[in-house]
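Asks:
Number of protein chains: 2
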Amino acid sequence: MGNDMVSKGRVTIREVAERAGVSTATASRALSGNHPVPPATRARVLRAARDLDYVANAHARALVGGGRKMAAVVVRQVTSPFYAQVAEGVEAEAADRGWLCVVGATGGDAQREMEFVQLMREEGARLVILVGGVVEDDAYRERVAHYAHALDSSGARLVLCGRPAPDPEIPALVVEFDNEAGARAITAHLLSAGHRRIVFLGGLPGNTALDARVAGYRAALAEHGLPPEAAHVVDCGLGRAAGHRAMTELLKSTREFTAVFAGDDMVAAGALRAIADTGLRVPGDISVVGYNDIPLAEDFNPPLTTVRTPAEELGRAAVRIALRDPEHAAGAHHLLGTHIVVRDSVGAPPPGRAL
Amino acid sequence: MGNDMVSKGRVTIREVAERAGVSTATASRALSGNHPVPPATRARVLRAARDLDYVANAHARALVGGGRKMAAVVVRQVTSPFYAQVAEGVEAEAADRGWLCVVGATGGDAQREMEFVQLMREEGARLVILVGGVVEDDAYRERVAHYAHALDSSGARLVLCGRPAPDPEIPALVVEFDNEAGARAITAHLLSAGHRRIVFLGGLPGNTALDARVAGYRAALAEHGLPPEAAHVVDCGLGRAAGHRAMTELLKSTREFTAVFAGDDMVAAGALRAIADTGLRVPGDISVVGYNDIPLAEDFNPPLTTVRTPAEELGRAAVRIALRDPEHAAGAHHLLGTHIVVRDSVGAPPPGRAL
DNA sequence: AAGGGAAGTTAAAACGTTTACACGACACGG
DNA sequence: CCGTGTCGTGTAAACGTTTTAACTTCCCTT
Numbered sequence: 001m002g003n004d005m006v007s008k009g010r011v012t013i014r015e016v017a018e019r020a021g022v023s024t025a026t027a028s029r030a031l032s033g034n035h036p037v038p039p040a041t042r043a044r045v046l047r048a049a050r051d052l053d054y055v056a057n058a059h060a061r062a063l064v065g066g067g068r069k070m071a072a073v074v075v076r077q078v079t080s081p082f083y084a085q086v087a088e089g090v091e092a093e094a095a096d097r098g099w100l101c102v103v104g105a106t107g108g109d110a111q112r113e114m115e116f117v118q119l120m121r122e123e124g125a126r127l128v129i130l131v132g133g134v135v136e137d138d139a140y141r142e143r144v145a146h147y148a149h150a151l152d153s154s155g156a157r158l159v160l161c162g163r164p165a166p167d168p169e170i171p172a173l174v175v176e177f178d179n180e181a182g183a184r185a186i187t188a189h190l191l192s193a194g195h196r197r198i199v200f201l202g203g204l205p206g207n208t209a210l211d212a213r214v215a216g217y218r219a220a221l222a223e224h225g226l227p228p229e230a231a232h233v234v235d236c237g238l239g240r241a242a243g244h245r246a247m248t249e250l251l252k253s254t255r256e257f258t259a260v261f262a263g264d265d266m267v268a269a270g271a272l273r274a275i276a277d278t279g280l281r282v283p284g285d286i287s288v289v290g291y292n293d294i295p296l297a298e299d300f301n302p303p304l305t306t307v308r309t310p311a312e313e314l315g316r317a318a319v320r321i322a323l324r325d326p327e328h329a330a331g332a333h334h335l336l337g338t339h340i341v342v343r344d345s346v347g348a349p350p351p352g353r354a355l
Numbered sequence: 356m357g358n359d360m361v362s363k364g365r366v367t368i369r370e371v372a373e374r375a376g377v378s379t380a381t382a383s384r385a386l387s388g389n390h391p392v393p394p395a396t397r398a399r400v401l402r403a404a405r406d407l408d409y410v411a412n413a414h415a416r417a418l419v420g421g422g423r424k425m426a427a428v429v430v431r432q433v434t435s436p437f438y439a440q441v442a443e444g445v446e447a448e449a450a451d452r453g454w455l456c457v458v459g460a461t462g463g464d465a466q467r468e469m470e471f472v473q474l475m476r477e478e479g480a481r482l483v484i485l486v487g488g489v490v491e492d493d494a495y496r497e498r499v500a501h502y503a504h505a506l507d508s509s510g511a512r513l514v515l516c517g518r519p520a521p522d523p524e525i526p527a528l529v530v531e532f533d534n535e536a537g538a539r540a541i542t543a544h545l546l547s548a549g550h551r552r553i554v555f556l557g558g559l560p561g562n563t564a565l566d567a568r569v570a571g572y573r574a575a576l577a578e579h580g581l582p583p584e585a586a587h588v589v590d591c592g593l594g595r596a597a598g599h600r601a602m603t604e605l606l607k608s609t610r611e612f613t614a615v616f617a618g619d620d621m622v623a624a625g626a627l628r629a630i631a632d633t634g635l636r637v638p639g640d641i642s643v644v645g646y647n648d649i650p651l652a653e654d655f656n657p658p659l660t661t662v663r664t665p666a667e668e669l670g671r672a673a674v675r676i677a678l679r680d681p682e683h684a685a686g687a688h689h690l691l692g693t694h695i696v697v698r699d700s701v702g703a704p705p706p707g708r709a710l
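Here it is in structure tokens:
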């Protein structure tokens with residue numbers, strides 16, 4: 001056996017066909033399995049391909065095939081534990097079907113988001129998944145409507161994870177957690193522990209995910225017979241730094257409270273640190289709950305009681321739903337359930353401040 | 356102005372050319388900027404493209420251009436904070452140059468790693484970055500040698516982040532942190548706090564990154580005049596669960612120690628939890644240090660003293676180095692520096708057990 | 001024995017770009 | 001006025017695959 005490996009340039013299907021003594025058409029069919037080919041011929045072609053270390057050119061394939069199995073997931077940043085889990089779910093579900101998955105990080109910049117979607121159009125992605133809450137203003141609505149129509153006209157699907165569709169008529173589907181139910185449940189948990197003065201830390205008006213959590217929080221309060229004034233929302237937005245800053249501020253204020261409901265676990269992380277910095281104890285002096293149950297939430301100080309949103313499942317669901325029912329998908333709205341996970345950051349309110 | 360947008364099928368460059376009254380060659384030149392075109396003509400083409408919402412077909416482009424600007428980063432899992440940061444660095448550096456970045460997760464499975472690299476060959480990736488330590492056995496060496504040659508023959512570069520090249524002659528370059536120096540530094544930190552009985556939790560023989568940390572640990576001990584028997588390495592591997600299990604085990608054993616050096620921050624997280632479970636205090640009873648300084652390390656209980664490995668910078672460096680000096684790159688070995696970040700998980704050894 | 005398929009195969013035409021080559025126009029120096 | 005160079009543009013040939021339509025064989029039915 002001589003030197004079969006061609007060192008210069010890529011091996012093409014033509015060379016494989018030649019070596020197997022068939023035409024490129026037959027070789028293509030044997031390799032792709034798109035059309036039946038007698039076992040003997042097939043074996044010969046496969047053998048030739050192996051000998052030559054043949055690698056199909058995905059571009060040529062996509063060019064003639066008019067598209068390719070590729071999904072794109074767009075997040076603010078991949079280092080956010082929650083987004084990372086969603087991306088992992090998308091990647092896993094895509095990989096299961098032999099699809100390629102590319103991830104784009106926008107850093108929260110609309111400009112980069114647009115560029116990335118444009119790139120995905122050029123690349124022929126058949127599925128783009130935008131994940132993460134966002135404040136819903138006119139610019140947002142216009143942007144997403146543009147994506148939806150542009151992608152739709154190229155035969156691609158758009159799914160919005162945790163962010164709203166600007167209009168039910170738009171060719172996009174949304175998959176998200178039932179934020180209101182989750183927030184209501186964990187607020188009720190705090191209430192049943194005896195807390196009456198609970199502050200919500202991490203509001204971001206216009207962000208539909210956060211607004212829903214706030215709504216759930218208010219609803220739970222109301223259900224418990226508390227007056228609307230019992231609700232106190234600090235609109236500090238998300239992120240560890242924001243939580244730390246806002247909590248520090250809050251502790252310096254005259255506001256009375258015995259528990260804080262953080263908009264997500266990262267805010268809770270910042271809040272916990274701020275509380276520890278002032279020498280107060282959790283849950284002895286203040287109880288804290290978070291949202292999302294990121295993987296390290298049980299390593300916080302103390303382990304965090306929070307609501308578990310199965311992020312990886314969200315990612316998987318997004319691609320599954322988008323690919324399952326192509327026609328009926330557009331405009332559909334899917335809600336995923338959540339549940340509380342109880343750890344050590346909630347206790348009874350301190351006696352002196354029970355109300 | 357009528358209905359310019361064609362609803363069926365994608366707009367091709369031919370239609371743009373037609374509308375602008377030029378040939379496809381001129382249109383291509385105007386759009387890609389590969390060849391000078393008089394401003395007037397150029398403007399006309401660009402206008403037509405905008406009107407038609409033309410989107411170039413990346414596949415056709417790559418097919419004739421023989422490749423594309425695409426980098427691939429392969430990690431065990433994207434939800435690991437450290438890997439996520441590396442991936443973010445790669446993504447950022449790639450995006451800065453207008454490259455596309457795709458990430459693959461292997462779950463530690465060699466089979467999936469091979470499939471992914473194969474896929475990247477088909478897709479024409481020009482840069483693939485394998486990140487994360489691995490035990491270096493024959494299968495590994497063979498696998499990586501295969502990747503290196505296969506990619507090299509398609510004109511792509513291979514970079515290994517935190518894993519060894521099987522052979523200096525192989526066409527791959529490695530970029531990693533100086534694990535031995537980092538481990539030596541943090542061990543010295545423990546020693547200067549008074550600890551003499553330090554156990555290393557998270558060894559994984561054959562894993563070069565961990566072996567280097569163990570070597571640094573032993574070196575620091577030796578430099579302090581301690582006998583080789585002072586070193587005690589628990590080979591439990593990495594991950595939060597492994598750390599928790601091994602620490603629990605260790606606490607039940609008769610082994611005397613006052614400090615533990617965890618192989619990475621996730622192991623430390625598990626260890627901290629195990630210690631807390633038995634009612635012991637950190638750093639009062641036991642001091643703990645980690646490795647990597649993941650974003651949430653300061654939210655551990657207590658905030659973790661660890662060595663900071665700028666993971667995002669590792670990712671950026673990988674693509675920068677690979678793209679900078681194409682010829683000289685192969686076989687090169689780059690070491691990135693690290694430094695200690697001191698928090699609250701290290702204290703003096705308890706008096707009764709100072710040695 | 002003729003006709004009708006089925007099965008296996010192939011030649012050639014797509015897919016949408018880029019680019020090598022050629023061609024004409026035009027300016028300029030001789 | 002004629003070469004010579006430059007500039008702008010167009011024609012057509014790539015790039016590597018899949019697929020349509022056609023063409024053989026060969027077997028089976030009648």
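Protein chains in written order, with our numbering: chain A, 1 to 355; chain B, 356 to 710. For glycine and all other residues, C-beta sits at the position ideal for the given N, C-alpha and C. Since the structure is predicted, the reported quantities are computational estimates derived from the model, not experimental observations.
1) Taking CB distances under 9 Å as the criterion, tell me whether Ala667(B) reaches chain A.
2) Which residues of the stretch 239–256 of chain A have a Cβ closer than 7 Å to any Cβ of chain B? Give them in chain order.
3) With distance defined between alpha-carbon atoms, name the residue in His232(A), Leu204(A), Asn207(A) and Thr208(A) nearest to Tyr217(A).
4) Using Cβ-Cβ distances below 8 Å, what residues of the stretch 76–108 of chain A are close to chain B?
5) In angstroms with no decimal places, state the Cα-to-Cα distance between Gly668(B) and Thr693(B).
6) Of all the options Thr309(A), Pro205(A), Val260(A) and Ala139(A), which has the alpha carbon lying nearest to the alpha carbon of Val341(A)?
7) What separation, rounded to the nearest whole angstrom, lies between the Cα atoms of Phe718(B) and Ala181(A)?
8) Would you list, in chain order, the members of the stretch 26–53 of chain A that have their beta-carbon closer than 9 Å to a beta-carbon of chain B?
9) Is the Cβ-Cβ distance between Thr187(A) and Phe82(A) less than 9 Å?
10) Taking 9 Å as the CB-CB cut-off, is Phe300(A) touching chain B?
11) At a CB-CB cut-off below 9 Å, which residues of chain A make contact with Val410(B)?
12) State whether the stretch 134–143 of chain A contacts the stretch 291–311 of chain A, with contact taken as three or more CB pairs (one from each stretch) at a distance under 8 Å.
13) Return the Cβ separation of His149(A) and Pro171(A) in integer angstroms, given the expectation that the two are a contact with Cβ distance under 8 Å.
14) Output the distance between the C-alpha atoms of Val490(B) and Thr367(B), rounded to the nearest integer angstrom.
15) In the structure shown, what three-state DSSP assignment does Gly104(A) receive?
16) Whose C-alpha, out of Ser378(B), Val392(B) and Glu478(B), is nearest the C-alpha of Arg61(A)?
17) Can you list the residues of chain A that His414(B) reaches, using a CB-CB cut of under 7 Å?
18) Using a threshold of 9 Å, state whether the C-beta atoms of Ala271(A) and Thr306(A) are closer than that.
19) Does His350(A) come within less than 9 Å of chain B when only Cβ atoms are used?
20) Would you kindly report the start and end of the unbroken beta strand (DSSP E) that includes Ser287(A)?
21) Identify every residue that forms a DSSP beta bridge with Asn292(A).
22) Could you pull the DSSP bridge partners for Ala614(B) from this structure?
23) Should Pro295(A) be flagged as near chain B, meaning a C-beta pair shorter than 9 Å?
24) Contact criterion: CB-CB distance below 9 Å. Does Ala465(B) meet it with respect to chain A?
25) Going by Cα to Cα distance, which pick from Val22(A), Ala56(A) and Asn57(A) is closest to Ala40(A)?
26) How far does the alpha helix (DSSP H) with Ile186(A) in it reach, from first residue to last?
27) May I ask you to report which of helix, strand or coil DSSP gives Ala413(B)?
28) Which residues in chain A have a C-beta closer than 8 Å to the C-beta of Ala624(B)? List them in chain order.
29) By Cβ distance below 6 Å, which residues in the same chain neighbour Val102(A) in space, the five residues on each side in sequence not counted?
30) Output, in chain order, the set of chain A residues within a Cβ distance shorter than 9 Å of Leu341(B).
31) Quick check on Arg638(B) - is its C-beta less than 9 Å from some C-beta in chain A?
32) Measuring alpha carbon to alpha carbon, tell me which residue in Glu584(B), Val419(B), Glu524(B) and Asp590(B) is nearest Leu556(B).
33) Using the Cα positions of Asp640(B) and Ala596(B), report the straight-line distance between them to the nearest angstrom.
34) Tell me the residue span of the beta strand (DSSP E) that contains Leu691(B).
35) Using the Cα positions of Val75(A) and Leu691(B), report the straight-line distance between them to the nearest angstrom.
36) Would Ala348(A) pass as a contact of Ala185(A) if the rule is Cβ separation under 9 Å?
Replies: From the atom records:
1) According to the sequence as given, residue 667(B) is Glu; it is not Ala. Yes, its Cβ sits closer than 9 Å to a Cβ of chain A.
2) none
3) His232(A)
4) Gln77, Val78, Thr79, Pro81, Ala84, Gln85, Ala87, Glu88, Glu91, Ala92, Ala95, Leu100, Cys101, Val102, Val103, Gly104 and Ala105
5) Sequence inspection shows Glu at residue 668(B); the Gly mentioned does not correspond to that position. So the two alpha carbons sit approximately 11 Å from each other.
6) Thr309(A)
7) The structure shown does not extend to residue 718(B), since chain B is modelled only from 356 to 710, so the question has no answer here.
8) So the list reads Asp53, given in the order they occur along the chain.
9) no
10) Output row for Phe300(A): interface = yes.
11) Gln118, Arg121, Glu122, Ala150 and Ser154
12) no
13) 7 Å
14) 50 Å
15) strand
16) Glu478(B)
17) Within chain A, the residues placing a beta-carbon under 7 Å from that of His414(B) are His59, Ala62, Leu63 and Gly124, ordered along the chain.
18) no
19) In the sequence under discussion, the amino acid at residue 350(A) is Pro, which differs from the His named in the question. No, Pro350(A) does not count as interfacial toward chain B.
20) Ser287 to Val289
21) Arg308(A)
22) Ile553(B) and Ser642(B)
23) yes
24) For Ala465(B), the answer is no, since every Cβ of chain A falls outside 9 Å of its Cβ.
25) Val22(A)
26) Asn179 to Ser192
27) helix
28) Neighbours of Ala624(B) on chain A, chain order: Leu296 and Asp299.
29) Ala72
30) Outside the displayed range of chain B (356 to 710) lies residue 341(B), so it cannot be described from this structure.
31) Looking at the sequence shown, residue 638(B) is not Arg but Pro. No, Pro638(B) does not count as interfacial toward chain A.
32) Asp590(B)
33) 22 Å
34) His688 to Leu691
35) 28 Å
36) no
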